[in-house]
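Peer 1:
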Amino acid sequence: MKAVRPGDWLVIAAGLLATAATAAAQWGRGAPAMAQVRLDGRIVAELPLTGTHRIALDGALAARGQTVIEVEPGRARIAADPGPRQYCVQQGWLTRAGSVAVCAPSHISLQLVGPDGAHDTVAF
Amino acid sequence: MSSSATTLQVEPSARDRRLARYAAAAIAASLVEAAIPSPLPGVKPGLANIVILIVLARHGWRDAAWVSVLRVVAGSLLAGQFLAPGFFLAGAGALASLAALGVLQAVSWQWLGPIGRSVAAAFAHIGAQLVLARLWLVPHDGLFNLAPVFFGAALLFGILNGIVAGRLMQEKT
Chain A
1 MKAVRPGDWL VIAAGLLATA ATAAAQWGRG APAMAQVRLD GRIVAELPLT GTHRIALDGA
61 LAARGQTVIE VEPGRARIAA DPGPRQYCVQ QGWLTRAGSV AVCAPSHISL QLVGPDGAHD
121 TVAF
Chain B
1001 MSSSATTLQV EPSARDRRLA RYAAAAIAAS LVEAAIPSPL PGVKPGLANI VILIVLARHG
1061 WRDAAWVSVL RVVAGSLLAG QFLAPGFFLA GAGALASLAA LGVLQAVSWQ WLGPIGRSVA
1121 AAFAHIGAQL VLARLWLVPH DGLFNLAPVF FGAALLFGIL NGIVAGRLMQ EKT
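Protein chains in written order, with my numbering: chain A, 1 to 124; chain B, 1001 to 1173.
Printed below as a string of structure tokens:
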């Protein structure tokens, strides 16, 4: 009897399809559409990720400087922040829908949202 | 009044001995596998399934089910995992793949060989484990982010185990 029979190919193909479909569904919901900037939890700016923008705003540490947010096509980052530990700046460019950079001392956050706003929280 | 001592002697049949031999082989395979480090819990070669497939081909589904259940229970006792979460995950996986293999018994072996059956069983196995883990251990949809990795592993190891099982089936006992 042959080692690989017709039905085997069918099952392997179905397996490949299932793997590819879940990969697309789970990982492919990628392309973010908007960058949302929040101050004290309220949305203060919504920037489409199509062009290049640079905004500076005053957070809770306004006395020490402004928080600068940069948007380029498909990505956004916090370029500068007066916070002492710089976590949100060091996070660098955000590229995936749902990713967030939080400058806690400034009460400012930057979040990328997908075209359908797929989820509103991410737990790590 | 003395009650006469009764000796109850259970004579293991040839089938009992055969099942025990196969179960021992399957338990050995799963213990060997427990020693292999895995980058991700849940990604395992599933070597015991080679034994299950061979039993399925040679002696039918009922014997395969016996070997599989014995493997999960005795294997978890030996690994110190009995009634631990891993035991229930292993049990759910084993039952689901037995169900898949049972359904596929309706399909002729001429048309569907050990590789296809192995892949189908592997997917049923990881699918049931994912569902159980989602319902019970990790109640968050983030778990499904790993589904493509698990499915890819199921496909790869399903094919490899199927090839090995097919080769071993050619051997004369």
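Idealized CB from N, CA, C, for every residue including glycine.
Taking Ala1096 of chain B as the reference, give the member of B:Val1119, B:Arg1017, B:Gly1075 with the closest Cα.
Peer 2: For the purposes of this step, residue 1096 of chain B is taken as residue 96 along the second sequence, with counting starting at 1. Closest by alpha carbon: B:Val1119.
Peer 1: Which one of A:Ala45, A:Ala97, A:Pro105, A:Gly114 has the shortest CA to CA distance from Ile69 of chain A?
Peer 2: Within the first sequence, the letter at position 69 stands for residue 69 of chain A. With distances taken between Cα atoms, Ile69 of chain A lies closest to A:Ala45.
Peer 1: Residues of chain B with CB closer than 9 Å to the CB of Asp58 of chain A, please, in chain order.
Peer 2: Position 58 of the first sequence holds residue 58 of chain A. Here the premise fails: no neighbours, minimum Cβ distance about 35 Å.
Peer 1: Which of the three DSSP states is assigned to Ser99 of chain A in this structure?
Peer 2: Start at 1 with the first residue of the first sequence, and residue 99 of chain A comes out as number 99. Coil, per DSSP.
Peer 1: Counting only the same chain and skipping the five closest in sequence on each side, list residues whose C-beta sits under 7 Å from that of Gly1166 of chain B.
Peer 2: Locating residue 1166 of chain B in the second sequence gives position 166, where the first residue counts as 1. Excluding sequence neighbours, Gly1166 of chain B sits near Gly1113, Pro1114, Ile1115.
Peer 1: Verify whether the separation of the beta carbon atoms of Ala1133 of chain B and Leu1089 of chain B is less than 8 Å.
Peer 2: Taking the second sequence and counting its residues from 1, one reaches residue 1133 of chain B at position 133. Taking the second sequence and counting its residues from 1, one reaches residue 1089 of chain B at position 89. Their beta carbons are under 8 Å apart, which means Ala1133 of chain B touches Leu1089 of chain B by this criterion.
Peer 1: Listing by chain order, which chain A residues have their CB less than 9 Å from the CB of Gly1042 of chain B?
Peer 2: Residue mapping note: residue 1042 of chain B aligns to position 42 of the second sequence, counting from 1. The contacting residues do not exist; Gly1042 of chain B stays about 14 Å from chain A at best.
Peer 1: Cβ closer than 8 Å: which chain A residues qualify as neighbours of Ile1159 of chain B?
Peer 2: Counted from its first residue, the second sequence places residue 1159 of chain B at position 159. Chain A residues near Ile1159 of chain B: Ile12.
Peer 1: Counting only Cβ-Cβ distances shorter than 9 Å, please list the residues of the segment 1084 to 1114 of chain B near chain A, keeping chain order.
Peer 2: Leu1104, Val1107, Ser1108, Trp1109, Gln1110, Trp1111, Leu1112, Gly1113, Pro1114
Peer 1: For Val4 of chain A, which residues in chain B fall below 8 Å Cβ to Cβ?
Peer 2: To locate residue 4 of chain A, count along the first sequence from 1; it is residue 4. By Cβ distance, chain B contributes Gly1113, Ile1115.
Peer 1: Out of B:Val1055, B:Arg1021, B:Val1032, B:Glu1011, point me to the one whose CA is closest to Leu1078 of chain B's CA.
Peer 2: Walking along the second sequence from the start, residue 1078 of chain B turns up at place 78. Among B:Val1055, B:Arg1021, B:Val1032, B:Glu1011, the Cα nearest to that of Leu1078 of chain B belongs to B:Val1032.
Peer 1: By the three-class DSSP mapping on this structure, what secondary structure does Ser109 of chain A have?
Peer 2: The sequence position of residue 109 of chain A within the first sequence is 109, counting from 1. Ser109 of chain A falls in the strand class under three-state DSSP.
Peer 1: Kindly indicate which residue of B:Leu1047, B:Leu1101, B:Gly1091 has the alpha-carbon position closest to the one of Asp1063 of chain B.
Peer 2: Taking the first residue of the second sequence as position 1, residue 1063 of chain B is located at position 63. Ranking B:Leu1047, B:Leu1101, B:Gly1091 by Cα distance to Asp1063 of chain B puts B:Leu1101 first.
Peer 1: DSSP has His53 of chain A in a bridge; who is on the other side?
Peer 2: By one-based count along the first sequence, residue 53 of chain A stands at place 53. A:Val71.
Peer 1: Go ahead and pull the three-state DSSP assignment for Ile1052 of chain B.
Peer 2: Counting from one through the second sequence, the residue named residue 1052 of chain B turns up at place 52. Helix at Ile1052 of chain B.
Peer 1: Counting only beta-carbon atoms, is Leu16 of chain A nearer than 8 Å to chain B?
Peer 2: Here residue 16 of chain A is taken as the residue at index 16 of the first sequence, counted from 1. Interface residue, yes.
Peer 1: Could you confirm whether any beta carbon from chain B is found closer than 8 Å to the beta carbon of Gln26 of chain A?
Peer 2: On the first sequence, position 26 is the one that residue 26 of chain A refers to. With 8 Å as the cut-off, Gln26 of chain A counts as an interface residue toward chain B.
Peer 1: Could you pull out every residue in the same chain whose Cβ sits closer than 7 Å to the Cβ of Phe1082 of chain B, ignoring the five residues on either side in sequence?
Peer 2: Here residue 1082 of chain B is taken as the residue at index 82 of the second sequence, counted from 1. Taken in chain order, the residues that qualify are Ser1076.
Peer 1: Going by DSSP, what residues sit across from Leu39 of chain A in a beta bridge?
Peer 2: Your numbering for residue 39 of chain A matches position 39 in the first sequence. Answer is A:Arg42, A:Ile108.
Peer 1: Name, going along the chain, the residues of the segment 80 to 95 of chain A whose beta-carbon falls closer than 7 Å to a beta-carbon of chain B.
Peer 2: From the segment 80 to 95 of chain A, no residue has a Cβ closer than 7 Å to chain B.
Peer 1: For Met34 of chain A, write down the residues that DSSP places opposite it in a beta bridge.
Peer 2: In the first sequence, the residue the question calls residue 34 of chain A occupies position 34. Paired residue(s): A:Pro48, A:Val113.
Peer 1: How many Å lie between Ala35 of chain A and Leu49 of chain A at the Cα?
Peer 2: The residue you call residue 35 of chain A lines up with position 35 of the first sequence. The residue you call residue 49 of chain A lines up with position 49 of the first sequence. Roughly 7 Å between the two C-alpha positions.
Peer 1: Quick one, which of B:Phe1151, B:Gln1009, B:Val1051 has its alpha-carbon nearest Val998 of chain B's?
Peer 2: Not covered by the structure: residue 998 of chain B. The range shown for chain B is 1001 to 1173.
Peer 1: Can you look up Arg1134 of chain B in the DSSP assignment and give me helix, strand or coil?
Peer 2: Translated into the one-based positions of the second sequence, residue 1134 of chain B becomes position 134. Correct three-state label for Arg1134 of chain B: helix.
Peer 1: Output needed for Phe1144 of chain B: all residues of its chain with C-beta closer than 6 Å, excluding positions within five of it in sequence on either side, in chain order.
Peer 2: If you number the second sequence from 1, residue 1144 of chain B lands on position 144. Answer for Phe1144 of chain B: no residue qualifies.
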